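For reference, the structure is listed below as structure tokens.
Numbering (the working numbering), first residue to last: -19 to 367.
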């Protein structure tokens, strides 16, 4: 049995009829009723925020470009002299001038001790001597997030430039590297470091001292020693020549006395007179006395000559030791001038410090970025209804 709802629904559908002229009425209503337009949502452009953002980008690029130019200019100013078209001091021939020597001293102990004494340089270097024997030292303080990794990379760079690592201390928060490198490779090392680290996180220090006073003192000592050696050699040659002359004189005198004694002895053997024989014996005794005196004088002269030669030889060896000592000083000074001893210190830096340093380094761009964000937040973000 059907429900009353179904019966009524069926009855209503059966009785549904279109009114007469329904199509005509529908067309008339559509003609007189205005058609509604479709609504579109528009977007409000934050012009002020966009303007600040563009200015921030320009400021960031401009500051980075200026910093790069300043860094390039500073590296160019520190370039070696030969790169700039000039000859450096190390390339000049005769860097220490004419080999010279040490001043002569008197006394045996002073002659022995003097070669090992430190020759203090004087401050009377004339301005006409324009040599620059610069002994250079270098230090750098670097802040980084990875101390151990950067420390290993720096050791590789130093060895790659022909340098030597003398001491290494590395842990998570701190590191220290002591090294030695050739003077002409220092600029390459600094360029490498400046390309690896941002300028606010690296601080470099270079000091140089002219060792010209040391070089002049060594040259003066070597020159004096060489002059003294020449004098001693001349004295030795003169002493030998003088002794040869005296030796010839003594030899002639001794030979003459021997010949006279032999003649007197031969004459004595043929004389029978007692008085004449006595006179001959007295003459023979006198000639023997003269012979002993001549031989003693000859021996004394030979001993004095030997002592004089020994003294001259000792003085010559002392002066030669001084020359060798001065030459070693010159070599040591050359090596010190050609070598840079440096230290690189590494410190761990926090991310907050990195961000703070970045914003401080680009404060104009940071300020404009903040203004752009504020302008964007204050922009009316309600959508526009566009008909």
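Every residue gets a Cβ at the ideal spot worked out from N, C-alpha and C, and that includes glycine. Here the structure is a predicted model, which is why all the values come from computation and not from measurement.
Count the other CB atoms, across all protein chains shown, that sit within 10 Å of the CB of residue i; report buried if there are 16 or more and exposed otherwise.
i, result
"residue 140", "exposed"
"residue 74", "Bear in mind that a pLDDT of 37 at residue 74, under 50, signals an unreliable position, so the number given afterwards is only what the model happens to contain. Looking at its Cβ environment, which holds fewer than 16 other Cβ atoms inside 10 Å, residue 74 is exposed."
"residue 286", "exposed"
"residue 183", "exposed"
"residue 147", "exposed"
"residue 260", "buried"
"residue 253", "exposed"
"residue 196", "buried"
"residue 218", "exposed"
"residue 9", "exposed"
"residue -16", "exposed"
"residue 222", "exposed"
"residue 205", "buried"
"residue -10", "exposed"
"residue 63", "Annotation note: pLDDT 36 at residue 63 (below 50); position unreliable, coordinate value reported separately. Classification for residue 63: exposed."
How about residue i and residue j: are their beta carbons less than 8 Å apart?
i, j, result
"residue 292", "residue 190", "no"
"residue 169", "residue 137", "yes"
"residue 181", "residue 105", "no"
"residue 151", "residue 127", "yes"
"residue 326", "residue 143", "no"
"residue 238", "residue 263", "no"
"residue 234", "residue 278", "yes"
"residue 166", "residue 118", "yes"
"residue 198", "residue 318", "no"
"residue 303", "residue 202", "yes"
"residue 157", "residue 134", "yes"
"residue 369", "residue 177", "In the structure displayed, the chain extends from -19 to 367; residue 369 sits before or after that span and is not available."
"residue 120", "residue 324", "yes"
Would you please verify whether the beta carbon of residue i is less than 8 Å from any beta carbon of chain C?
i, result
"residue 35", "The chain inventory of the structure shown lacks chain C, comprising one protein chain alone."
Expressed to the nearest angstrom, what Euclidean distance is found between the alpha-carbon atoms of residue i and residue j?
i, j, result
"residue 310", "residue 280", "45 Å"
"residue 258", "residue 241", "15 Å"
"residue 357", "residue 328", "37 Å"
"residue 11", "residue 5", "10 Å"
"residue 37", "residue 349", "8 Å"
"residue 227", "residue 307", "41 Å"
"residue 187", "residue 312", "19 Å"
"residue 273", "residue 267", "10 Å"
"residue 7", "residue 34", "57 Å"
"residue 179", "residue 131", "18 Å"
"residue 295", "residue 212", "7 Å"
"residue 305", "residue 288", "26 Å"
"residue 351", "residue 153", "37 Å"
"residue 110", "residue 297", "34 Å"
"residue 86", "residue 314", "Annotation note: pLDDT 41 at residue 86 (below 50); position unreliable, coordinate value reported separately. Approximately 30 Å between the Cα atoms of the pair."
"residue 224", "residue 232", "12 Å"
"residue 290", "residue 276", "21 Å"
"residue 301", "residue 200", "15 Å"
"residue 270", "residue 230", "12 Å"
"residue 250", "residue 214", "55 Å"
"residue 13", "residue 31", "47 Å"
"residue 248", "residue 236", "18 Å"
"residue 55", "residue 185", "Residue confidence for residue 55 is low, a pLDDT of 39 falling below 50, so the modelled location carries little weight and cannot support an answer."
"residue 246", "residue 255", "16 Å"
"residue 175", "residue 161", "19 Å"
Checking the sheet assignment: what are the DSSP bridge partners for residue i?
i, result
"residue 155", "150 and 326"
"residue 320", "161"
"residue 124", "328"
"residue 189", "115"
"residue 145", "159"
"residue 184", "120"
So residue i and residue j are supposed to be a Cβ contact under 8 Å. How far apart are they, rounded?
i, j, result
"residue 116", "residue 320", "5 Å"
"residue 299", "residue 216", "Contact flag wrong, Cβ pair sits at about 12 Å."
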